[in-house]
Amino acid sequence: MTKEKAADDGIIRVRGLKNQFGSHVVHENLDLDVYRGEILGVVGGSGTGKSVLLRSITGLQPPSEGTIDVLGTNVRQADDDTRAALEARWGVMFQDGALFSSLTVRENVEVPMRAIEGLDPDIRRDLADLKISMVGLPYLAGDKYPSELSGGMRKRAGLARALALDPEIVFLDEPTAGLDPIGASAFDALIRGLSRSLGLTVFLVTHDLDTLHAVCDRIAVLAEKRVLVTGTMHDMSQVEHPWVHEYFHGPRARAAIDAAQCDAGRKG
Ligand SMILES: Nc1ncnc2c1ncn2[C@@H]1O[C@H](COP(=O)(O)OP(=O)(O)OP(=O)(O)O)[C@@H](O)[C@H]1O
Numbered sequence: 001m002t003k004e005k006a007a008d009d010g011i012i013r014v015r016g017l018k019n020q021f022g023s024h025v026v027h028e029n030l031d032l033d034v035y036r037g038e039i040l041g042v043v044g045g046s047g048t049g050k051s052v053l054l055r056s057i058t059g060l061q062p063p064s065e066g067t068i069d070v071l072g073t074n075v076r077q078a079d080d081d082t083r084a085a086l087e088a089r090w091g092v093m094f095q096d097g098a099l100f101s102s103l104t105v106r107e108n109v110e111v112p113m114r115a116i117e118g119l120d121p122d123i124r125r126d127l128a129d130l131k132i133s134m135v136g137l138p139y140l141a142g143d144k145y146p147s148e149l150s151g152g153m154r155k156r157a158g159l160a161r162a163l164a165l166d167p168e169i170v171f172l173d174e175p176t177a178g179l180d181p182i183g184a185s186a187f188d189a190l191i192r193g194l195s196r197s198l199g200l201t202v203f204l205v206t207h208d209l210d211t212l213h214a215v216c217d218r219i220a221v222l223a224e225k226r227v228l229v230t231g232t233m234h235d236m237s238q239v240e241h242p243w244v245h246e247y248f249h250g251p252r253a254r255a256a257i258d259a260a261q262c263d264a265g266r267k268g
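Residues in the sequence shown are numbered consecutively from 1, following the UniProt record's numbering.
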């Protein structure tokens, strides 16, 4: 996947985005393209506005300025019906899974499906169980409440809910945060496998260098209130900007490169 992708492959197109809270300008003149079928990793220092960007694209955080097109629809100008139809074509997984604590995992996954008129409850239940198994949770997890699950299982449940309506795009906010390294690698493999098998486009906010190596086709770096640079991991290693250089050449970056090479060696 390269920066020269054809414009009609663009599935998300952000132009001139501005987000401001009081006098605090988080984004200014931010442009970003996400291409169909790719896994885009969004990185940047703490407070650079990665989550705000995700929330702007998904309509949860109305920006001060700019245009946001998703799947050919201008998100900011869409009427309620158009927005509802659009929201059915994407799924969002928030950091903590954002599950309803009073519902079982299966009931949580069924929540987005309740918007489908005339869907038989038994079929809805079966579909929810299918999503639960797709994310690698044991069958019995469907009957459990979020509080009865480990952090990693809750994240998987959150992903199952994001996949409830067979979306074309999934937005993931720090999916591996708080997981141990083995759990994080397993989650990386799950994201990669689902993206490839379902043809999903993935917008993935992360701090996790291992995830960038293992999962992402392309990286977008947020700095100086905008998307400073986009490209492959290899492209990132050539960028001279101080934050980008430190992030992609620091001790953690070297450890992640060693781990990725080790993994490639095992597979090869
Ligand atoms: N609703 C809000 N009201 C006021 N300020 C906000 C609001 N949402 C976000 N911000 C501010 O916007 C900035 C960007 O926040 P955001 O959570 O997007 O950063 P981030 O890059 O995701 O950070 P981190 O990597 O630490 O999660 C922060 O300074 C935050 O305090």
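Note that CB positions come from ideal geometry on N, CA and C, so glycine has one too.
Treat the numbers as computed from the prediction; the structure is a model and nothing was measured.
*Look at the Cβ atom of ILE68, then the Cβ atom of ARG36, and state whether they are nearer than 7 Å.*
no
*Contact with chain B by ALA164, beta-carbon distance below 7 Å*: As a matter of chain content, chain B is missing from the structure shown, which is built from one protein chain.
*By how many angstroms is the C-alpha of ASN108 removed from the C-alpha of PHE100?*
6 Å
*Under 6 Å from any heavy atom of ligand 1, does the C-beta of LYS225 make it?*
no
*The alpha helix (DSSP H) spanning ASP31 covers which residue range?*
Looking at the DSSP string, ASP31 is not in any alpha helix (DSSP H); the run it does join, the beta strand (DSSP E), is 24 to 35.
*asked:* Please report the distance separating the alpha-carbon of GLY136 from that of ARG156.
replied: 7 Å
_Three-state secondary structure (DSSP) of VAL244_ = helix
*Tell me LYS18's beta-bridge partners as DSSP assigns them.*
GLU65
*If you draw a straight line from the alpha carbon of ARG13 to that of LEU200, how long is it in whole angstroms?*
17 Å
*Spatial neighbours of VAL244 within its chain, please: CB distance less than 8 Å, with the 5 preceding and 5 following residues excluded, ordered by chain position.*
VAL221, ALA223, LEU228, VAL229 and MET236
*Would THR82 be called buried (16 or more neighbouring beta carbons within 10 Å of its own) or exposed?*
exposed
*Sort SER185, MET113 and ILE191 by Cα distance to ARG161 and report the nearest one.*
MET113
_Tell me which residues share the same chain as GLU4 and place their Cβ nearer than 6 Å to its Cβ, disregarding the 5 neighbours each side in the sequence._
Only weak support exists for where GLU4 lies, its pLDDT of 48 falling under 50; the value from the coordinates is given anyway. Result list for GLU4: empty, nothing under 6 Å.
*asked:* On the criterion of 16 or more Cβ atoms from any shown chain inside 10 Å, does ALA214 qualify as buried, or is it exposed?
replied: buried
*Is VAL109 helix, strand or coil by DSSP?*
helix
*TYR247, buried or exposed, once every other Cβ within 10 Å from all chains shown has been counted against 16*: buried
*Exposed or buried, what is GLU117 when buried is set at 16 or more other beta-carbons lying within 10 Å of its beta-carbon?*
exposed
*Which residues does DSSP pair with LEU165 in a beta bridge?*
Its beta-bridge partners do not exist; DSSP assigns none.
*Residues near SER195 by beta carbon distance below 7 Å, same chain, minus five either side*: ILE39 and VAL202
*Use the C-beta contact count for PHE187: other C-beta atoms within 10 angstroms, 16 or more gives buried, fewer gives exposed.*
buried
*Under 8 Å by Cβ, that's how I've got ARG106 and GLY142 pegged, so tell me the actual separation to the nearest angstrom.*
4 Å
*asked:* Only counting the same chain, and skipping five residues up and downstream in sequence, which positions put a Cβ closer than 8 Å to that of GLY16?
replied: ASN29, LEU30, ASP31, GLU65, GLY66 and THR67
*Does DSSP put LEU40 in a helix, in a strand, or in coil?*
strand
*Can you tell me the Cα-Cα spacing of GLY45 and ASN74, whole angstroms?*
29 Å
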